[in-house]
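Chemist:
Protein chains in written order, with the numbering used here: chain U, 594 to 754; chain P, 72 to 269.
#1: The beta strand (DSSP E) spanning residue 645 of chain U covers which residue range?
#2: Are the beta-carbon atoms of residue 704 of chain U and residue 262 of chain P separated by less than 8 Å?
#3: Ordered along the chain, which non-local residues of its own chain (more than five positions away) have a Cβ less than 6 Å from that of residue 93 of chain P?
#4: Between residue 301 of chain P and residue 176 of chain P, how many whole angstroms is the CB-CB distance? I'm expecting something under 8 Å.
#5: Excluding the 5 residues preceding and the 5 following residue 139 of chain P in the sequence, name in chain order all residues of the same chain whose CB lies nearer than 6 Å to its CB.
#6: Cα separation between residue 611 of chain U and residue 131 of chain P?
#7: Out of P/236, P/264, P/217, which one is the CA nearest neighbour of residue 31 of chain P?
#8: Whose CA, out of U/712, U/707, U/647, U/714, lies closest to the CA of residue 623 of chain U?
#9: Under 8 Å between C-beta atoms, does residue 231 of chain P make it to chain U?
#10: Quick check for students: name the residue ranges of the alpha helix (DSSP H) that lie wholly in the stretch 160-236 of chain P, counting only runs of 4 or more.
#11: What are the residues in the stretch 708-721 of chain U lying within 9 Å of chain P by C-beta distance?
#12: Expressed to the nearest angstrom, what Euclidean distance is found between the alpha-carbon atoms of residue 106 of chain P and residue 129 of chain P?
#13: Which residues, in order along the stretch 177-210 of chain P, keep a beta-carbon less than 7 Å from a beta-carbon of chain U?
#14: Taking all protein chains shown into account, do 16 or more other C-beta atoms lie within 10 angstroms of the C-beta of residue 626 of chain U, making it buried, or fewer, making it exposed?
#15: Residue 702 of chain U versus chain P: which residues are under 8 Å apart at the beta carbon?
#16: List the endpoints of the continuous alpha helix (DSSP H) containing residue 150 of chain P.
#17: With 8 Å as the threshold, decide whether the Cβ of residue 610 of chain U is near any Cβ in chain P.
#18: Does residue 222 of chain P come within less than 8 Å of chain U when only Cβ atoms are used?
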């Protein structure tokens, strides 16, 4: 009996850990900790999705920022991809791009309940970006060029002690 | 005197803000004259019998809009006969989104057997007036004499993923309330959508 259980468990782990396990999927409660971290870094949080062309276009800039400010900045990319497309779109995309920034996934269908908690200016269009440190935060309902993003991040980095 | 100044100041800012952000609840929505997928041109004033409208900015190419297609059609089936027809408007720049061309809109509408007008905002002049920023983005308008008063702005319901798991049907609740001469219970909601391509 136990043997069967173990067998089932092991086969489950082998078969089902490959793809879905690579994604960190949260509801809004699970995401919140990433929106108010209290470390000494500057946190750059970008909401995006593989289906959002302007989001995909600016992703390399966020990657570059993570490289350029390794010591001081933590980039967090929050994907809003549909659960039905994790396997077909999101995972292949992440595998292809090999992003070095942290990627987490927000799956919380009751959007009206959490959009305002992220920022009162946000009407729900993406991309949007949140930059914050211990002292202050700024919300950007816009797309970024590398230069524009870098200059905003610099403002925060220079403020940090 | 100071009060007057303050009032003028406030009015100035209120106007500046509304000009920038489109309509808020209670605003009077402008009529339009936009091309439908059948080649005709459609205005709100064409609908003599209606009590109002469910204006939906939507498109073919946004996955959220696609997720809501059947529910938009269901809204029209349910409410056009009650005096609140759906008017769908595609706001995207079709050079950026060729999948939203008038031809593509026609194909999609035929395939899905849409029974509502599916108009194209070719000049991209209507959606900024309304303040729509994404697809889908709904405005429920109530007719008042010749004007159209904005009564609801936002999402269709609270679960884009699964129509069966919807708890709050924001648009239906708004229209039902208007049909009963009641206050709209939730007049503004927010949802993730695809930004309108300009």
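Using N, Cα and C, we set each Cβ at its ideal position, and we do this for glycine too. Computed from a prediction, not measured in an experiment: that's the story for all the values here.
Modeler: In this structure, then:
#1: Careful: residue 645 of chain U lies outside any beta strand (DSSP E) and carries neither H nor E.
#2: Taking 8 Å as the Cβ cut-off, residue 704 of chain U and residue 262 of chain P qualify as a contacting pair.
#3: Here residue 93 of chain P has 201, 202 as same chain residues with Cβ atoms under 6 Å from its own Cβ, once five neighbours each way along the sequence are excluded.
#4: With chain P represented from 72 up to 269, any question about residue 301 of chain P goes unanswered, as that position is not in the structure.
#5: Scanning its chain for C-beta atoms nearer than 6 Å, with the 5 sequence neighbours on each side dropped, one finds around residue 139 of chain P the residues 207, 227, in chain order.
#6: With a pLDDT of only 45 at residue 611 of chain U, under the threshold of 50, the placement of this residue in the model should not be trusted; the figure read from the coordinates follows. The alpha-carbon atoms of residue 611 of chain U and residue 131 of chain P are separated by roughly 33 Å.
#7: Outside the shown range of chain P (72 to 269) lies residue 31 of chain P, about which nothing can therefore be said.
#8: The candidate whose alpha carbon is nearest that of residue 623 of chain U is U/707.
#9: For residue 231 of chain P, the answer is yes, since a Cβ of chain U falls inside 8 Å of its Cβ.
#10: Entirely contained in the stretch 160-236 of chain P, the alpha helix (DSSP H) runs reaching 4 residues are, in chain order, 173-183, 197-201.
#11: If the cut-off is 9 Å between Cβ atoms, the stretch 708-721 of chain U has 708, 709, 715, 716, 717, 718, 719, 720 near chain P.
#12: Distance between the alpha carbons of residue 106 of chain P and residue 129 of chain P: 15 Å.
#13: Cβ contacts with chain U: 204, 205.
#14: Exposed, because fewer than 16 other Cβ atoms sit within 10 Å of the Cβ of residue 626 of chain U.
#15: In chain order: 229, 230, 231, 232, 233, 236.
#16: Segment 134-150, the alpha helix (DSSP H) holding residue 150 of chain P.
#17: Bear in mind that the predicted position of residue 610 of chain U carries a pLDDT of just 44, short of 50, making it unreliable; the figure below should be weighed with that in mind. Residue 610 of chain U does not count as touching chain P.
#18: Not an interface residue.
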